[in-house]
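Participant:
Residue numbers (my numbering), protein chains in the order written: chain Y, 2 to 114; chain A, 15 to 131.
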């Protein structure tokens with residue numbers, strides 16, 4: 002069975018600084034997708050960034066980028082120039098052929114002014 | 015289209031009562047998913063529909079839980095004889111699988127928070 006592990010329950014970052022959130026996963030499949038979702042307090046989950054396992058190039062979306070290490074089964078999220086609006090729970094998620102997600106336990110990101 | 019809508023936002027019920035939640039997906043999305051999120055945990059898969067067909071149910075979905083998606087539009091999730099352990103956020107999401115790559119993400123609703131007292 003696939004698993005997703007987020008070992009950082011909480012992280013803090015100063016506004017305008019850079020922070021990296023960690024995620025590791027375990028799977029025996031070769032074709033899958035990895036995602037980072039953001040869940041602000043009392044608001045819906047929003048897709049931040051996704052990565053196809055077959056692509057070697059790391060995905061980038063504006064201030065958000067990933068470091069995808071397939072052999073190590075690691076998928077970290079880097080947030081550059083952190084903003085107050087980035088404060089939220091961040092979930093790492095795995096998905097393969099069934100379309101259903103397996104989520105990690107989340108990392109709460111605090112942004113300090 | 016205003017996204018995925020879930021009602022009610024909050025529900026407090028007494029143990030043993032039945033509750034029903036509703037999810038209205040994005041209209042052109044053919045897949046609809048239900049997840050449960052307890053405090054401090056990530057969402058856990060419950061079930062999903064492709065159009066009106068329920069294609070997969072998690073073992074988390076006991077026989078007290080039932081979900082429907084009549085006519086492939088909105089969906090309801092009913093919990094019978096609620097227990098305190100059912101207290102959680104119930105998330106609905108939808109996606110379009112026709113003409114989109116498999117890596118396309120879901121659109122989530124804001125969830126229904128259930129408290130069983």
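From the three backbone atoms N, C-alpha and C, an ideal C-beta is built for every residue, glycine too.
With burial defined as no fewer than 16 other Cβ atoms inside 10 Å of the residue's Cβ, what is the status of residue 81 of chain A: buried or exposed?
Facilitator: Here residue 81 of chain A is taken as the residue at index 67 of the second chain, counted from 1. The residue in question, residue 81 of chain A, is buried, as its Cβ has 16 or more Cβ neighbours within 10 Å.
Participant: So, helix, strand or coil for residue 15 of chain Y, using DSSP?
Facilitator: Sequence index remark: in the first chain, residue 15 of chain Y carries index 14 (1-based). In the three-state DSSP reduction, residue 15 of chain Y falls in the strand class (E or B).
Participant: For the stretch 42 to 61 of chain A against the stretch 83 to 103 of chain A, are there 3 or more C-beta pairs whose distance is under 8 angstroms?
Facilitator: yes
Participant: Does residue 16 of chain A pass the burial test, meaning 16 or more other C-beta atoms within 10 Å, or should it be called exposed?
Facilitator: Position 2 of the second chain, counting from 1, holds the residue named residue 16 of chain A. Counting Cβ neighbours within 10 Å, residue 16 of chain A comes out exposed, since fewer than 16 surround it.
Participant: Smallest Cα separation from residue 92 of chain Y: which of Y/74, Y/8, Y/107?
Facilitator: Stepping through the first chain from its first residue, residue 92 of chain Y is reached at position 91. Distances from the alpha-carbon of residue 92 of chain Y to those of Y/74, Y/8, Y/107 put Y/107 closest.
Participant: Using a C-beta to C-beta distance shorter than 9 angstroms, which residues of chain Y count as neighbours of residue 55 of chain A?
Facilitator: Residue mapping note: residue 55 of chain A aligns to position 41 of the second chain, counting from 1. Going along chain Y in sequence order, the residues near residue 55 of chain A (Cβ under 9 angstroms) are 104, 106, 107.
Participant: If the cut is a Cβ gap below 8 angstroms, which residues of chain Y does residue 111 of chain A touch?
Facilitator: In the second chain, counting from the first residue as 1, residue 111 of chain A sits at position 97. What residue 111 of chain A touches in chain Y: 100.
Participant: Pop quiz: residue 67 of chain Y and residue 73 of chain Y are said to be a contact at Cβ under 8 angstroms. What is the actual Cβ separation, rounded to whole angstroms?
Facilitator: Residue numbering aside, residue 67 of chain Y sits at position 66 when the first chain is read from its first letter. Residue numbering aside, residue 73 of chain Y sits at position 72 when the first chain is read from its first letter. Incorrect: roughly 13 angstroms between the Cβ atoms, too far for contact.
Participant: Measuring CA to CA, which of Y/90, Y/64, Y/75, Y/41 is closest to residue 27 of chain Y?
Facilitator: Position 26 of the first chain holds residue 27 of chain Y. Residue Y/75 is the option with its Cα nearest to residue 27 of chain Y.
Participant: In chain Y, which residues lie less than 9 angstroms from residue 122 of chain A when you measure between Cβ atoms?
Facilitator: Counted from its first residue, the second chain places residue 122 of chain A at position 108. Those are 38, 40, 45, 46, 47, 48, listed as they occur along chain Y.
Participant: Mind checking whether residue 118 of chain A and residue 105 of chain A have CB atoms under 9 angstroms apart?
Facilitator: For the purposes of this step, residue 118 of chain A is identified with residue 104 of the second chain, where counting begins at 1. For the purposes of this step, residue 105 of chain A is identified with residue 91 of the second chain, where counting begins at 1. Cβ atoms of residue 118 of chain A and residue 105 of chain A: not closer than 9 angstroms.
Participant: With DSSP collapsed to three states, give me the class of residue 60 of chain A.
Facilitator: In the second chain, the residue the question calls residue 60 of chain A occupies position 46. It is a strand residue.
Participant: So residue 102 of chain A and residue 27 of chain A are in contact, right, with Cβ under 8 angstroms, and what is the actual spacing, rounded?
Facilitator: The sequence position of residue 102 of chain A within the second chain is 88, counting from 1. The sequence position of residue 27 of chain A within the second chain is 13, counting from 1. In fact, because the Cβ distance is near 13 angstroms, the residues do not count as touching under 8 angstroms.
Participant: Between the beta-carbon of residue 79 of chain Y and the beta-carbon of residue 21 of chain Y, is there less than 9 angstroms?
Facilitator: Along the first chain, read from residue 1 onward, the residue named residue 79 of chain Y stands at position 78. Along the first chain, read from residue 1 onward, the residue named residue 21 of chain Y stands at position 20. In this structure, residue 21 of chain Y lies closer than 9 angstroms to residue 79 of chain Y by Cβ.
Participant: State the CB to CB distance for the pair residue 108 of chain A and residue 43 of chain A, rounded to an integer number of angstroms; the pair is presumed to be in contact (CB under 8 angstroms).
Facilitator: Position 94 of the second chain, counted from the first residue, corresponds to residue 108 of chain A. Position 29 of the second chain, counted from the first residue, corresponds to residue 43 of chain A. Correct: roughly 4 angstroms between the Cβ atoms.
Participant: In chain order, what residues of the stretch 70 to 101 of chain Y put their CB closer than 8 angstroms to some CB of chain A?
Facilitator: 92, 94, 96, 98, 99, 100, 101
Participant: I'd like to know whether the C-beta atoms of residue 125 of chain A and residue 31 of chain A end up nearer to each other than 9 angstroms.
Facilitator: One-based indexing of the second chain puts residue 125 of chain A at position 111. One-based indexing of the second chain puts residue 31 of chain A at position 17. Not closer than 9 angstroms, so no.
Participant: Between the C-alpha atoms of residue 131 of chain A and residue 29 of chain A, what's the straight-line distance to the nearest angstrom?
Facilitator: For this step, residue 131 of chain A is matched to residue 117 along the second chain. For this step, residue 29 of chain A is matched to residue 15 along the second chain. Each residue's alpha carbon lies about 6 angstroms from the other.
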